[in-house]
Amino acid sequence: MRNLKITIRALSILLPVLLFQCNTTNKEASINKEEIGSVEGKTVMAIFAHPDDEMTVAPILSKYAREGAKVYLVICTDGRYGTNDFSGIEAGEGLVAIRKEEMKCAANTLGVELIHLNYHDQLKSGEGYDGHVPHAQALITELYEIVTDKKPDALITWGPDGGTTHMDHRLVGASVTQVFVSKLWEKPTELFYVGTPSKLIDSLGDKILRGVDDKYLNTRIKYTKEDSEKALASLKCHKSQMSPQGLIWITEYQKKFGMEMYLRQFIAPKNIKNSIFN
Numbered sequence: 151m152r153n154l155k156i157t158i159r160a161l162s163i164l165l166p167v168l169l170f171q172c173n174t175t176n177k178e179a180s181i182n183k184e185e186i187g188s189v190e191g192k193t194v195m196a197i198f199a200h201p202d203d204e205m206t207v208a209p210i211l212s213k214y215a216r217e218g219a220k221v222y223l224v225i226c227t228d229g230r231y232g233t234n235d236f237s238g239i240e241a242g243e244g245l246v247a248i249r250k251e252e253m254k255c256a257a258n259t260l261g262v263e264l265i266h267l268n269y270h271d272q273l274k275s276g277e278g279y280d281g282h283v284p285h286a287q288a289l290i291t292e293l294y295e296i297v298t299d300k301k302p303d304a305l306i307t308w309g310p311d312g313g314t315t316h317m318d319h320r321l322v323g324a325s326v327t328q329v330f331v332s333k334l335w336e337k338p339t340e341l342f343y344v345g346t347p348s349k350l351i352d353s354l355g356d357k358i359l360r361g362v363d364d365k366y367l368n369t370r371i372k373y374t375k376e377d378s379e380k381a382l383a384s385l386k387c388h389k390s391q392m393s394p395q396g397l398i399w400i401t402e403y404q405k406k407f408g409m410e411m412y413l414r415q416f417i418a419p420k421n422i423k424n425s426i427f428n
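Reading the sequence shown from the start, the letters are residues 151 to 428 in my numbering.
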């Protein structure tokens with residue numbers, strides 16, 4: 151987030167994802183809902199790009215940790231380019247150190263175990279092919295090793311839109327997807343993408359860039375006021391990124407919405423086809 155304007159824009163994008171609640175018709179009610187049951191012994195892994203990206207799913211991370219699941223939060227980049235007008239902190243190693251501490255604070259608040267990797271923001275895209283591609287390939291390999299080691303029951307990451315079309319978001323989402331499809335995992339693992347309902351986006355251009363039709367948002371998860379409050383508390387840890395005005399705005403905005411989150415599950419094919427039609 152480079153300035154206050156971008157911070158507010160990012161909040162306006164993530165809030166519908168965090169707080170979306172709609173009046174369902176009977177047809178909409180047929181969307182698969184999360185089965186109610188014990189999550190003890192289950193492992194959830196959320197994988198995102200930057201320190202503070204986790205706020206997109208913070209309420210359900212709190213929910214599953216509270217209900218007894220083991221929750222890992224993997225943050226891939228160091229946040230070195232997360233400058234803005236209100237903090238006055240320059241890009242670089244000093245900001246990296248600050249954001250690592252902020253990320254620890256947020257993870258502790260949510261009750262999740264943090265795995266913070268050390269990849270550069272933008273995955274060294276400014277260094278051209280020879281800088282970026284090895285860096286991006288190393289990320290995929292390390293994520294594969296983490297998933298192999300931790301054996302999550304569910305993975306959560308960015309979809310192809312990346313929430314804001316941010317290149318790091320999209321690359322991380324694509325990297326997690328590649329890890330997921332690279333083999334049939336011994337432990338059944340499900341992959342879920344964060345999505346913003348198209349119906350909550352006014353601009354046609356933004357609908358195209360980052361909207362997801364309700365039909366595809368096939369997983370609906372309710373969370374509690376306690377989870378919502380923990381999410382807001384964790385957001386306050388990111389002092390270098392979240393202005394006081396932004397915190398006030400998100401707190402007031404949250405009061406207008408119910409506590410339900412929509413995700414899009416990656417659905418693997420069940421049959422072999424011999425045509426691209428039907």
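All C-beta atoms, glycine included, are put in the ideal place defined by N, C-alpha and C.
Segments assigned alpha helix (DSSP H), at least 4 residues, entirely inside the region 241 to 324
243 to 260 and 278 to 300
So what's V331 in DSSP terms, helix, strand or just coil?
helix
With a threshold of 16 other CB atoms inside 10 Å of the CB of P209, please say whether the residue is buried or exposed.
buried
When the Cα of C255 is compared with those of K389, R320, Y279 and F330, which residue comes out closest?
K389
Would M409 pass as a contact of K386 if the rule is Cβ separation under 8 Å?
no
Quick one: give me the first and last residue of the alpha helix (DSSP H) that Y214 is part of.
A208 to R216
Beta-carbon within less than 6 Å of S237's beta-carbon, same chain only, minus the 5 sequence neighbours each way: which residues are those?
S390
With burial defined as no fewer than 16 other Cβ atoms inside 10 Å of the residue's Cβ, what is the status of A381: buried or exposed?
Of the other Cβ atoms in all chains shown, 16 or more fall within 10 Å of the Cβ of A381; this residue is therefore buried.
Answer with buried or exposed for L354, where buried requires no fewer than 16 other C-beta atoms within 10 angstroms of its C-beta.
By the neighbour-count rule (16 or more Cβ atoms within 10 Å), L354 is not buried but exposed.
Pick helix, strand or coil for Y222, following the three-state DSSP scheme.
strand
For S119, collect the residues of the same chain with a Cβ closer than 6 Å to its Cβ; drop the 5 residues on either side in sequence, then sort them by chain order.
With the chain running from 151 to 428 in the structure shown, residue 119 is simply not present.
Please confirm whether K300 and Y214 have their CB atoms less than 8 Å apart.
In this structure, K300 keeps its C-beta atom at 8 Å or more from the C-beta atom of Y214.
Taking only three categories from DSSP, how would you classify M411?
Per DSSP, reduced to three states, the secondary structure at M411 is strand.
Could you tell me whether the region 323 to 331 touches the region 307 to 314, using the rule of 3 or more Cβ pairs below 8 Å?
yes
Looking at P302: is its Cβ nearer than 8 Å to the Cβ of T327?
no
By alpha-carbon positions, which one of D235, T227 and S188 ends up nearest to M253?
T227
What does A196 pair with, by DSSP beta-bridge criteria?
Looking at the DSSP assignment, A196 forms a beta bridge with L223 and I306.
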